[in-house]
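A.B. asks:
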Amino acid sequence: MLKKEKSCFVSDSTITSKFGDRPPSTYSMKIQKLSQLKTLFSETGGYKSRTFSSGKYNWRLVIYPNGNEKDNGTGFISMYVELDSTALESTVLAYLTFFVYNKKENKYFTIQDVKGKQFNALRPVRGFPQVLPLDTFNDPKNGYVFDGDQCEFGVDVMKPSNPKFSWTVNKFSKLKEHRYISSKFLIGGRNWVFELYPKGYNATYSTWLSLFLHLAEGEKMKTGEEIYTQCDLRILDPFGCNHMTRKFNQWQERSHLLQGLGWVGFVPLAELEKAYLDKDGSLKLEIEIAVILILIV
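Following this line, the structure appears as structure tokens:
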């Protein structure tokens with residue numbers, strides 16, 4: 001069994017909530033009479049917005065101003081997205097970020113699950129039953145209800161693009177340098193590079209291949225910035241489909257990205273040379289990014 005040494009911190013939680021300056025880019029909805037909305041939907045459930053489009057599909061934003069009791073949302077604002085699944089033939093994966101405007105701070109409270117949500121004909125509604133406590137939301141002093149009886153909600157619905165980047169390392173067995181860097185590739189609005197150590201990152205791992213993902217030189221992270229990366233890092237089998245894949249699914253702060261994301265012990269060199277070099281002695285690496293999200297704390 002391969003040893004999987006990781007050089008980065010892995011967060012167990014994929015749900016985050018933060019304040020930010022950026023407004024929703026997919027859809028926003030301003031409520032002029034919140035009290036009226038609460039009265040109308042006190043028993044019937046959620047208020048559905050007009051239809052909006054994202055990723056070639058039609059959606060609605062669903063707000064429970066008194067909380068969705070059927071989904072453990074008692075005492076909270078509940079927010080969901082509903083997919084128009086009338087003509088849907090397969091499952092749709094989407095990344096959701098919900099927004100609640102705070103006029104006092106002139107910022108948006110946001111909540112998201114970076115894992116993404118799967119929508120289909122049997123489950124067309126996904127979201128969060130507990131977005132904000134009603135006591136917090138309803139008190140005008142906190143800024144969510146403003147100008148008498150107004151409030152504003154929004155959502156971003158993003159479809160993954162799963163971009164890939166490949167790097168062929170020629171004549172792997174004859175490499176002399178300690179470290180090799182790939183060309184830059186653009187994913188998620190940032191330039192990235194592979195960092196490869198053909199004889200291991202240090203003496204302890206001299207019989208292993210070490211492989212990392214880095215922000216490219218010149219890319220800088222702001223203080224407090226965090227990047228969530230979900231991707232597959234693999235060595236391709238040149239003679240079949242037995243590719244060697246390692247996954248990471250984690251948040252990185254600035255200090256972690258400076259160290260690199262990956263493995264000091266990715267694969268033993270003996271196994272690599274036996275099964276993963278082509279007839280010319282070349283090694284082919286590939287990375288497939290499922291999602292990169294950038295947040296400012």
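Residues in the sequence shown are numbered from 1 upward in steps of one, following the UniProt record's numbering.
From the three backbone atoms N, C-alpha and C, an ideal C-beta is built for every residue, glycine too.
All values derive from a computational prediction rather than experimental measurement.
1. Can the beta-carbon of aspartate 149 be found less than 9 Å from the beta-carbon of leucine 34?
2. Helix, strand or coil for phenylalanine 99? Go by DSSP, reduced to three states.
3. How is alanine 216 classed by DSSP in three states: helix, strand or coil?
4. Taking all protein chains shown into account, do 16 or more other C-beta atoms lie within 10 angstroms of the C-beta of valine 297, making it buried, or fewer, making it exposed?
5. Under a three-way DSSP split, which group does aspartate 147 fall into?
6. With distance defined between alpha-carbon atoms, name the residue in Phe194, Tyr144 and Thr16 nearest to glutamate 288.
7. Looking only at its chain, what residues have a beta carbon closer than 7 Å to the beta carbon of glycine 262, apart from the 5 residues adjacent to it on each side?
8. Just confirm the distance between the C-beta atoms of glutamate 69 and lysine 48, as a whole number of angstroms; I'd bet it's less than 8 Å.
9. Given this structure, state the Cα-to-Cα distance separating isoleucine 63 from valine 155, to the nearest angstrom.
10. Taking glutamine 118 as the reference, give the member of Trp208, Ser90 and Val131 with the closest Cα.
11. To the nearest angstrom, how far is the alpha carbon of lysine 247 from that of serine 54?
12. Kindly identify the DSSP beta-bridge partner or partners of phenylalanine 119.
13. Serine 210 bridges to which residues according to DSSP?
14. For a cutoff of 9 Å on Cβ pairs, would you count serine 54 as touching chain C?
15. Taking the alpha carbon of aspartate 21 as the point to measure from, which residue in Asn138, Asn102 and Arg190 has its own alpha carbon closest?
16. Would you please state the rounded distance, in angstroms, between the beta carbons of glutamate 152 and phenylalanine 19? I believe it to be under 8 Å.
17. Distance, Cα to Cα, lysine 4 vs glycine 75?
18. With a 10 Å radius around its C-beta and 16 neighbouring C-beta atoms as the bar for buried, classify cysteine 241 as buried or exposed.
19. How is asparagine 138 classed by DSSP in three states: helix, strand or coil?
20. For the beta strand (DSSP E) that contains leucine 132, what are its first and last residues?
21. Suppose the cutoff is 8 Å on Cβ atoms and the five residues either side in sequence are ignored; what does the same chain contact list for lysine 38 look like?
22. Can you grab the Cα-Cα spacing for the pair serine 166 / serine 173, in whole Å?
23. Threonine 16 by DSSP, collapsed to three states: which one?
24. Where does the unbroken alpha helix (DSSP H) through residue 298 begin, and where does it stop?
25. Note the first and the last residue of the continuous alpha helix (DSSP H) segment covering leucine 34.
26. Exposed or buried, what is proline 23 when buried is set at 16 or more other beta-carbons lying within 10 Å of its beta-carbon?
27. State buried or exposed for phenylalanine 128, treating a residue as buried only when at least 16 other CB atoms are found within 10 Å of its CB.
28. On a Cα-Cα basis, can you pick out the residue from Val114, Pro198 and Asp135 that is closest to lysine 176?
29. In three-state DSSP terms, what is lysine 70?
30. Where does phenylalanine 185 fall in DSSP's three states?
C.D. replies: Reading it off the structure:
1. yes
2. strand
3. coil
4. Only weak support is given to the placement of valine 297: the predicted model assigns it a pLDDT of 48, under 50, and the value that follows is read from those uncertain coordinates. Valine 297 should be labelled exposed.
5. coil
6. Phe194
7. A distance below 7 Å between beta-carbons, with the five flanking residues on each side excluded, links glycine 262 to the following residues of its chain, in chain order: Ser7, Leu211, Phe212, Leu213 and Leu233.
8. 18 Å between Cβ atoms; not a contact.
9. 11 Å
10. Considering only Trp208, Ser90 and Val131, the residue with the shortest C-alpha distance to glutamine 118 is Ser90.
11. 28 Å
12. Val92
13. Per DSSP, the beta bridge partners of serine 210 are Tyr197.
14. In the displayed structure, chain C is absent; only one protein chain is listed.
15. Taking only the C-alpha atoms, the option nearest aspartate 21 is Asn102.
16. About 14 Å; that fails the 8 Å criterion.
17. With a pLDDT of 31 at lysine 4, under the threshold of 50, the predicted position of this residue should be treated as unreliable, though the coordinate-derived value follows. Looking at the two C-alpha atoms, the distance is approximately 43 Å.
18. exposed
19. helix
20. 125-133
21. Pro65 and Asn66
22. The straight-line gap from Cα to Cα measures roughly 19 Å.
23. strand
24. Nothing about residue 298 can be read from this structure; the chain reaches only from 1 to 297.
25. 34-40
26. exposed
27. Buried, since its Cβ has 16 or more Cβ neighbours within 10 Å.
28. Pro198
29. helix
30. Note: phenylalanine 185 maps to strand in three-state DSSP.
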